[in-house]
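Take a look at the structure below.
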Amino acid sequence: ANQFMAPAGSGTSGVDWGQATNVGTTLLVSPIVGFFAAAVLLYAMKLLVRNPALYEAPKGKTPPPWWIRALLIFTCTGVSFAHGSNDGQKGMGLIMLILIGVVPTAYALNRTPDINYLDAYKSASVAVEQALGKYVKPGVTVADDNAAKAAVQEAVRSKSWNDQTTLALQTYIHSTTAGLQPYATVDNVPTDLVSNARNDIYLIGEALK
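In the numbering used here, each residue carries its 1-based index in the sequence shown increased by 57.
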């Protein structure tokens with residue numbers, strides 16, 4: 058929800074696409090792995106457990122052997138437990154998704170980090186800004202802070218880099234640090250600035266990778 062309210066062209070700039078890709082890959086690969094694992098297990102059972110009763114339906118009203126019934130109870134209990142655990146995780150995930158969607162600004166930034174976290178971030182930002190200054194080529198310009206942010210967003214989105222990107226990132230870091238300069242700790246950052254600060258820090262981190 059927070060990203061959908063972002064300016065045009067930046068609606069997905071706060072998404073960690075590396076982790077999103079991992080989740081998508083897992084969803085695609087896990088059923089295939091499960092299918093082949095089940096096939097191998099069934100083949101192994103046929104080789105190791107050669108009792109025909111295990112692979113045949115009961116005849117008439119004769120119940121299955123007691124050991125098959127016990128095995129069914131054990132396996133069905135295990136499946137129910139596994140599905141129940143997954144359903145519980147899905148439920149908690151949906152609850153957190155709703156909470157974050159309803160109140161994104163309240164949970165967009167960790168309010169209880171180390172008390173020196175913000176000072177360390179400011180110091181690191183100054184050092185990175187100075188280091189980037191060594192690579193800024195003469196004649197390269199950026200119109201303003203908004204143009205700098207847009208250039209960094211485009212670099213992260215397209216995974217491309219050019220001479221203007223270096224200056225844009227330096228300018229973006231400078232403006233972000235300047236916006237946080239009045240606050241001694243993260244807890245002092247106003248709520249209306251939290252989502253912007255979180256997005257700015259994330260974009261800077263992605264651009265520096």
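For glycine and all other residues, C-beta sits at the position ideal for the given N, C-alpha and C.
The structure displayed is predicted, hence computed values, not measured ones.
Comparing C-alpha positions only, which one of the options sits nearest to residue i?
{"i": "residue 122", "options": "110, 131, 256 and 92", "result": "110"}
{"i": "residue 205", "options": "105, 219, 228 and 146", "result": "228"}
{"i": "residue 233", "options": "212, 127, 146 and 253", "result": "253"}
{"i": "residue 174", "options": "244, 80 and 256", "result": "244"}
{"i": "residue 215", "options": "190, 240 and 263", "result": "263"}
{"i": "residue 209", "options": "151, 100, 78 and 265", "result": "265"}
{"i": "residue 179", "options": "191, 247 and 240", "result": "240"}
Can you tell me which of the three DSSP states residue i falls into?
{"i": "residue 201", "result": "coil"}
{"i": "residue 206", "result": "helix"}
{"i": "residue 186", "result": "helix"}
{"i": "residue 241", "result": "coil"}
{"i": "residue 56", "result": "Since the displayed the chain opens at 58 and closes at 266, residue 56 lies outside it and no answer follows."}
Suppose contacts are defined by Cβ-Cβ distances below 8 Å. Is residue i in contact with residue j by that definition?
{"i": "residue 224", "j": "residue 251", "result": "no"}
{"i": "residue 221", "j": "residue 185", "result": "no"}
{"i": "residue 226", "j": "residue 189", "result": "yes"}
Since I believe residue j is in contact with residue i (beta carbons under 8 Å), could you give me their beta-carbon distance rounded to a whole number of angstroms?
{"i": "residue 260", "j": "residue 213", "result": "6 Å"}
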